[in-house]
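Those letters in the sequence shown? Residues 44 to 192, per this note's numbering, in order.
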Amino acid sequence: MRIFLAGIMQGSHLGAVMHYQGYRAHLREMLQQHLPAADVYDPLADHQLSLDYTDDRAREVFLHHNRMCGEVDVLIAFVPEASMGTAIEMWEAWRANRVVIAISPLSLNWTIKYCSHLVYVDLESFQAELVNGELVKKIEAIQKRNELE
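Structure representation (structure tokens):
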């Protein structure tokens, strides 16, 4: 299973600043422990200095990541507040019939509501279903349903 870790980076910051990214390591650790066969891609891992990229390099990485979202099996989006980049990644995965999982309290936000198959209000509720095996069952059911469409 190929998983793309989407999530807020710059959010609404006006400067070249990122939100705290600790959620990425936490998600990777959880996934490695409970889905050891999964291939987890974290876009920040290979692009730690992305805020310093030239416009051409940044555009290339941005578009490459958006294409990847339509090619993975599952996209997990951590969205504690609005994130335009994450919304695009979710949309690309949704359009390509990939499983989209949002971890977000923004359950009434249309992107979260209509471009996600599963929504968890926080990391703890996501982790609970990952640990007890329900998440994998739900992913497999969604994949089967998507294949029929």
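Every residue gets a Cβ at the ideal spot worked out from N, C-alpha and C, and that includes glycine. Since we're looking at a predicted model, the values are computed, not measured.
Bounds of the beta strand (DSSP E) holding Gly50 are Arg45 to Gly50. Taking the Cα positions, Pro86 is about 8 Å away from Phe47.
Selection Phe169, Val117, Met44 and Leu151 evaluated against Trp137 yields Val117 as nearest (Cα-Cα). Taking C-alpha positions only, Arg110 is separated from Cys158 by approximately 16 Å.
Spatial neighbours of Val162 in its own chain (CB-CB distance under 7 Å, excluding positions within 5 residues in sequence) are listed in chain order as Ala145, Ser147, Ser150 and Ile155.
Annotated as proximal: Ala49 and Glu132, with beta-carbon spacing under 7 Å.
Gln75 and Ala81 have their C-alpha atoms some 7 Å from each other. Boundaries of the alpha helix (DSSP H) around Ala184: Glu177 to Leu191. A direct Cα-Cα distance of roughly 16 Å separates Val179 from Ala120.
Listed in chain order, the alpha helix (DSSP H) runs fully inside the stretch 141-176 are 153-157 and 166-174, counting runs of at least 4 residues. Leu87 sits in coil when the DSSP states are folded into three classes, being neither helix nor strand.
Ranked by Cα distance from Gly113, the first of Glu124, Ala125, Glu135 and Pro79 is Glu135.
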